[in-house]
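At position 183 of the sequence shown (counting the first as 1) the number is 183 in UniProt numbering, and the numbers step up by one without a gap.
Remarks on the structure that follows.
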Amino acid sequence: MRSLVGLVAVVAAATVYLYCLSLSLPPGPRRPPAPPAAQGEHGDPAESPDSAGEVSRLKFPADLDELRELAELLQFYKTKHTGYVLLLFCSAYLYKQSFAIPGSSFLNILAGAIFGPYEGLLLACVLTTVGSTMCYLLSQAFGKNYIVNFFPDKVSMLQGKVKENKDCLFFFLLFLRFFPMTPNWFLNMSSPIVNIPITFFVGSVFIGLLPYNFICVQTGAMLSELSSLDDLFSWDRLLQLLAIACMALLPSALIRRVSQKRLKLDVRSQNGLVTDKKVQ
């Protein structure tokens, strides 16, 4: 009961902090006014209260146009309020990662759109690692009993694989990040339960999620430069996407090659019999 109260207190404090931070958001730029639909008595456009344009607001994008609009808005904030944008982005990212909330791909895309392909990639990798480590520590402090009670089979299976691969544990963790047999959020929460050292955990998160972060950040940087959906299917863009995919798949291929020689990843067949294959 004490652990549940402590976890709720941490979540509540982080939520209040993020909410208060969002309340201090400076006013954004105004959108260009819509063309008038009516004419005045002398042929002049009719005046309307919204002639000055609507103030842009932060919201989750539902399509490419809204994503570009959000990126432009945050670019404005970055130019005029650089420290605030960085603080807000880092706080939202760490909040999501620490409490295992989905949405890392969206934030990684935004990182590329706002901060560029290189700074965005570095920021995404660091925030992913720090946020996952905070999730690890929160699970270690408050969530062990709950995770074991809710996911007994998954925890037992992961614990068995960790013991089998203890001689090459770091490569095993990299394999799980590159080829997630278990979701990343579950691996973050269950790692302290199955006695994965935090040093191995931190290194595997930073390196193992690098290809995923790379793809998302590069995509965000590319999308921020698009003027229409037609540009997305141009030969230049398609070749750029192909190069991004090849660069991201290269470390995955190397890890798979190592895993075939060193890792023990037995799986169960459909008959319930255990096979001795090394790789799934």
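Glycine included, every Cβ here is placed at the ideal spot set by N, Cα and C.
Keep in mind the model is a prediction, meaning the values are calculated, not measured.
1) Buried or exposed: N149, going by 16 or more other Cβ atoms within 10 Å of its Cβ?
2) Checking 9 Å against the spacing of the C-beta atoms, do K154 and F172 come in under that value?
3) Could you have a look at F170 and say whether DSSP puts it in helix, strand or coil?
4) When the Cα atoms are used, what is the spatial distance from G120 to S22?
5) In the UniProt domain "VTT" (101-221), which residue ranges form an unbroken beta strand (DSSP E) of at least 3 residues, counting only runs that do not cross its ends?
6) Does the region 79-98 come within contact of the region 119-134, defined as at least 3 CB pairs closer than 8 Å?
7) Should T133 go down as buried or exposed, given a rule of 16 or more other Cβ atoms within 10 Å for buried?
8) Alpha carbon to alpha carbon, how far is residue 290 from S191?
9) Just the C-alpha distance for E164 and L137, rounded to the nearest angstrom, thanks.
10) Secondary structure at S22, three-state DSSP: helix, strand or coil?
11) What is the DSSP secondary structure of F76, counted as helix, strand or coil?
12) Assuming the contact rule is C-beta atoms closer than 8 Å, K78 and I114 should be a hit. Round their C-beta distance to whole Å, please.
13) Taking the alpha-carbon of L223 as reference, which of F178, P117 and L4 has the nearest alpha-carbon?
14) If we ignore side chains and look at the alpha-carbon of each, how far apart do F214 and V194 end up?
15) By the DSSP assignment, the alpha helix (DSSP H) with F89 in it spans what residues?
16) State buried or exposed for Y19, treating a residue as buried only when at least 16 other CB atoms are found within 10 Å of its CB.
17) Excluding sequence positions up to five away, which residues of its chain have a Cβ less than 6 Å from the Cβ of K144?
18) Who are the near neighbours of Q39 in its chain, counting only those whose CB is closer than 6 Å to its CB and skipping five residues on each side?
19) Should G208 go down as buried or exposed, given a rule of 16 or more other Cβ atoms within 10 Å for buried?
20) By Cβ distance below 6 Å, which residues in the same chain neighbour F170 in space, the five residues on each side in sequence not counted?
21) Compare the Cα-Cα distances from A221 to each of V10, G6 and E72 and report the closest residue.
22) Among L25, A13 and I101, which one has its Cα closest to the Cα of V85?
So, from the data block:
1) The residue is exposed, with fewer than 16 neighbouring Cβ atoms inside 10 Å.
2) No, the pair does not count as a contact, with Cβ atoms beyond the cut-off.
3) In the structure shown, F170 falls within a helical segment according to DSSP collapsed to helix, strand and coil.
4) Cα to Cα, G120 sits roughly 21 Å from S22.
5) Runs of the beta strand (DSSP E) spanning 3 or more residues and lying entirely within the UniProt domain "VTT" (101-221) do not occur at all.
6) In short, these stretches touch, since the Cβ pair count reaches three.
7) Answer is buried; the Cβ neighbour count reaches 16.
8) Outside the shown range of the chain (1 to 280) lies residue 290, about which nothing can therefore be said.
9) Between E164 and L137, the C-alpha separation is close to 24 Å.
10) DSSP places S22 in helix when its eight states are reduced to three.
11) In this structure, F76 counts as helix in the three-state DSSP scheme.
12) About 6 Å separates the CB atoms of K78 and I114; that is less than 8 Å, so the two are in contact.
13) The residue with the shortest Cα to Cα distance from L223 is P117.
14) Cα to Cα, the separation comes out at about 29 Å.
15) Residue range T82 to S98 is occupied by the alpha helix (DSSP H) that includes F89.
16) In the assembly as shown, Y19 is an exposed residue. Its beta-carbon has fewer than 16 other beta-carbons within 10 Å.
17) Cβ contact annotation for K144 (same chain, cutoff 6 Å, sequence separation greater than five): I193, in chain order.
18) Any reading at Q39 must be qualified, since the residue scores a pLDDT of 49, below 50, and its modelled position is unreliable; no value is offered.
19) G208 is buried by the Cβ-count criterion.
20) Same-chain partners within the cutoff: F200.
21) Shortest Cα-Cα distance from A221 to any of V10, G6 and E72 involves E72.
22) Looking from the CA of V85, the closest CA among L25, A13 and I101 belongs to L25.
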